[in-house]
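Sequential numbering of the first sequence, starting at 43, is according to our numbering. Even for Gly, the Cβ is constructed at its ideal location relative to N, Cα and C.
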Amino acid sequence: MTLKIYNTITRKKEVFQPLEDKKVRMYVCGPTVYNKAHIGHAMSAMVFDIIRRYLEFRGYTVHHAMNFTDVDDKIIHRANELGMDPFKLAEGYILEFERNLEDLNILPPTIKPRATQEIQTIIAMIEDLIRAGYAYPLNGDVYFRVRKDPDYGRLSGRNLDDMRSGARIEVDERKEDPLDFALWKGAKPGEPSWDSPWGPGRPGWHIECSAMNLRHLGEQIDIHGGGNDLIFPHHENEIAQTESLTGKPFARYWVHNGMLQLGGEKMSKSLGNLVSIEEFLSKHSADAFRIMLLNSSYRGPLTYNDEIVAQAERALERLQSALRPALPAAAGAPEPALKSLQTQMAATESGFIEAMDDDFNSAGALAHLFDLVRAVNQARAEGATDEQLQPPQALLRKLCGVLGLRLEEKTAQGGGAAEPFIQLLIELRLELRKQKLYPLSDLVRNRLAELGVILEDTKDGTSWRWQ
RNA sequence: GGCGACGUGGCCAAGUGGGAAGGCAAGGGUCUGCAAAACCCUGAUCACGGGUUCAAAUCCCGUCGUCGCCUCCA
Numbered sequence: 043m044t045l046k047i048y049n050t051i052t053r054k055k056e057v058f059q060p061l062e063d064k065k066v067r068m069y070v071c072g073p074t075v076y077n078k079a080h081i082g083h084a085m086s087a088m089v090f091d092i093i094r095r096y097l098e099f100r101g102y103t104v105h106h107a108m109n110f111t112d113v114d115d116k117i118i119h120r121a122n123e124l125g126m127d128p129f130k131l132a133e134g135y136i137l138e139f140e141r142n143l144e145d146l147n148i149l150p151p152t153i154k155p156r157a158t159q160e161i162q163t164i165i166a167m168i169e170d171l172i173r174a175g176y177a178y179p180l181n182g183d184v185y186f187r188v189r190k191d192p193d194y195g196r197l198s199g200r201n202l203d204d205m206r207s208g209a210r211i212e213v214d215e216r217k218e219d220p221l222d223f224a225l226w227k228g229a230k231p232g233e234p235s236w237d238s239p240w241g242p243g244r245p246g247w248h249i250e251c252s253a254m255n256l257r258h259l260g261e262q263i264d265i266h267g268g269g270n271d272l273i274f275p276h277h278e279n280e281i282a283q284t285e286s287l288t289g290k291p292f293a294r295y296w297v298h299n300g301m302l303q304l305g306g307e308k309m310s311k312s313l314g315n316l317v318s319i320e321e322f323l324s325k326h327s328a329d330a331f332r333i334m335l336l337n338s339s340y341r342g343p344l345t346y347n348d349e350i351v352a353q354a355e356r357a358l359e360r361l362q363s364a365l366r367p368a369l370p371a372a373a374g375a376p377e378p379a380l381k382s383l384q385t386q387m388a389a390t391e392s393g394f395i396e397a398m399d400d401d402f403n404s405a406g407a408l409a410h411l412f413d414l415v416r417a418v419n420q421a422r423a424e425g426a427t428d429e430q431l432q433p434p435q436a437l438l439r440k441l442c443g444v445l446g447l448r449l450e451e452k453t454a455q456g457g458g459a460a461e462p463f464i465q466l467l468i469e470l471r472l473e474l475r476k477q478k479l480y481p482l483s484d485l486v487r488n489r490l491a492e493l494g495v496i497l498e499d500t501k502d503g504t505s506w507r508w509q
């Protein structure tokens, strides 16, 4: 079995073969921190979290870098609006985003570089690019010379002349070509800046990623990821900068996630149709968000609305249903039932791997997990004991863990202090039922339900769980 | 206008040449005092029109529709 990944640059699924055996260098573009992060950012981070977890499951060591763009026009504007120091503003949003990721059960990247911490690398790269003729200074700015790069446009499937005719580009007459992009931006009065051979200024957007990759992961990496809105111009420009300098292919696999849609449009800061991560998590669980993603292809657009979230939450409950304990009077499942449970376990694990190996087909992988859920529930209904249910339940937990699902049981806010009293009420209700005082026994059940305790009667007794 | 992706049952969605997965919702049944859960059962001319093939959801051409990028964007 081999892992295949869809590569944006070739537009094909390719067998995954990292530069170094069993070691993966992965760089994912993180956010520009000038505002609260929304669930579109969460989607991108989570997609690559799933990819990372699966690679680790398949035996790779993953060096995972995610950057923060912590200096740029929008940060400066916003800081000015608020009368704040731009670096403080950025720092605050970085810390908030890191908390968001933790709440979403997204593993922290191995390294989290920031643009402002790479200034020396950036300046050195720009100097080299100028020396090699790929860049030119202009009144305190430095621009990349796209015409000098014959491969420019390869990732996004464009060519310079097509773009020129139709593009709505603000023409800066001083630039050699309208598509030349800034490597270094000279500072206007009052803007944060660093000294450079071209005067005080700050890095352009694209160069920071090239610099961070070069410094932290090396000249070549295995996976470069981000949202598909970054393909052009951001990733195209990264390739131009890095490859012009190193003469080597930059990333082996370009991986892009689709956009989260809200109200039929891409969720984005500029459109204002946002749901913040905080807002989502105040109403729903991290697992529900993850199920939503897992149930569709990471490359396609994902529609977000209340119905989709509700479906994800129900699907999550179904996964959890398999983890419930044996029936109170379980006497052991018959041999054929145990046999088919065994068979399903093997089928689930191989099906899961086969699906995930096919460009992280998580929806297919989930389907196999649901097959296991059914098998476990069947076995339980046929009287399987906790001991008999343990191996398939452990497998389910393991594979869900690979996808980053926690499957936490809901528990009471105040710990287990309420449990003896719940048991007491259950005993009391049992007496009421024996005496056929059903209105009273139903009252107990209904009132407990209002408090978040679900009672379920079976032939052999009553079980309960937190809702 | 240029480049690209997509259109599968009420909803989400896998499947890219030969049996149309899975989840949600719905209906019926088992169990139950009732309920819930679980279990069993039920459903698709794969956007439309041509073509290639013994065989097409899957390949080719066209039409319609949705979305993304081409400007900051995950």
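Taking a cut-off of 8 Å on C-beta distances, the region 380-390 touches the region 403-415, as three or more cross pairs fall below it. The alpha-carbon separation between residue 344 and residue 273 amounts to approximately 18 Å. Residue range 302-304 is occupied by the beta strand (DSSP E) that includes residue 304, with no alpha helix (DSSP H) assigned at that position. If you draw a straight line from the Cα of residue 144 to the Cα of residue 150, it is about 7 Å long.
The shortest CA-to-CA distance from residue 76 to any of 93, 110, 491 is the one to 110. As computed with DSSP, residue 505 is found in a beta bridge with 498. With a 10 Å radius around the Cβ and a threshold of 16 neighbouring Cβ atoms, residue 82 comes out buried. In the DSSP assignment, residue 295 falls within the unbroken beta strand (DSSP E) covering 293-299. CA-to-CA, the gap between residue 115 and residue 231 works out to about 13 Å. A straight line joining the alpha-carbon of residue 368 with that of residue 48 spans about 42 Å.
Residue 107: not part of any alpha helix (DSSP H); member of the beta strand (DSSP E) spanning 103-108, first to last residue. By the Cβ-count criterion, residue 89 is buried, with 16 or more other Cβ atoms from all chains shown falling within 10 Å of its own Cβ. With a contact defined as Cβ atoms closer than 8 Å, residue 435 and residue 364 qualify at about 7 Å.
Within its own chain, the residues whose Cβ lies closer than 8 Å to the Cβ of residue 467, once the five positions on either side in sequence are excluded, are 486, 490, listed in chain order. In this structure, residue 297 places its C-beta atom within 8 Å of the C-beta atom of residue 265. Counting the other Cβ atoms within 10 Å of the Cβ of residue 57 gives fewer than 16, which makes it exposed.
The beta carbon of residue 269 sits closer than 7 Å to the beta carbons of 86, 298, 299, 301 from its chain, once the five residues preceding and following it are set aside; these are given in chain order. When the Cα atoms are used, residue 329 and residue 357 turn out to be separated by approximately 10 Å.
Less than 8 Å divides the Cβ of residue 234 from the Cβ of residue 128.
The alpha carbon of residue 93 has as its nearest neighbour, out of 67, 112, 74, the alpha carbon of 67. Here residue 338 really is in contact with residue 405; their C-beta atoms are around 6 Å apart, less than 8 Å. Restricted to the region 99-151, the alpha helix (DSSP H) segments that are unbroken, complete and at least 4 residues in length are 115-124, 128-145, listed in chain order.
Closest in alpha carbon position to residue 52, among 242, 101, 198, 503, is 198. In this model, residue 182 and residue 225 are separated by some 11 Å (Cα to Cα).
DSSP, reduced to helix, strand and coil, places residue 309 outside both helices and strands of the structure shown, so it counts as coil.
As the crow flies, the alpha-carbon of residue 383 is around 7 Å from that of residue 418. In the structure shown, residue 282 falls within a helical segment according to DSSP collapsed to helix, strand and coil. DSSP assignment within the region 393-466 yields no whole beta strand (DSSP E) run of 3 residues or more.
Sorting 256, 304, 361 by C-alpha distance to the C-alpha of residue 283 places 256 at the top.
When only Cα atoms are considered, residue 192 and residue 171 end up about 15 Å apart. Counting along the chain, the unbroken beta strand (DSSP E) around residue 224 starts and ends at 224-228. Distances from the CA of residue 267 to each of 166, 341, 147, 260 were compared; the closest alpha carbon is that of 341. DSSP places residue 49 in the strand class (E or B) of the three-state scheme. Residue pairing for residue 183: DSSP places it in a beta bridge opposite 180. Counting other Cβ atoms within 10 Å of its Cβ, residue 101 stays below 16 and is therefore classed as exposed.
Among the bridge pairs identified by DSSP, residue 236 is matched with 243.
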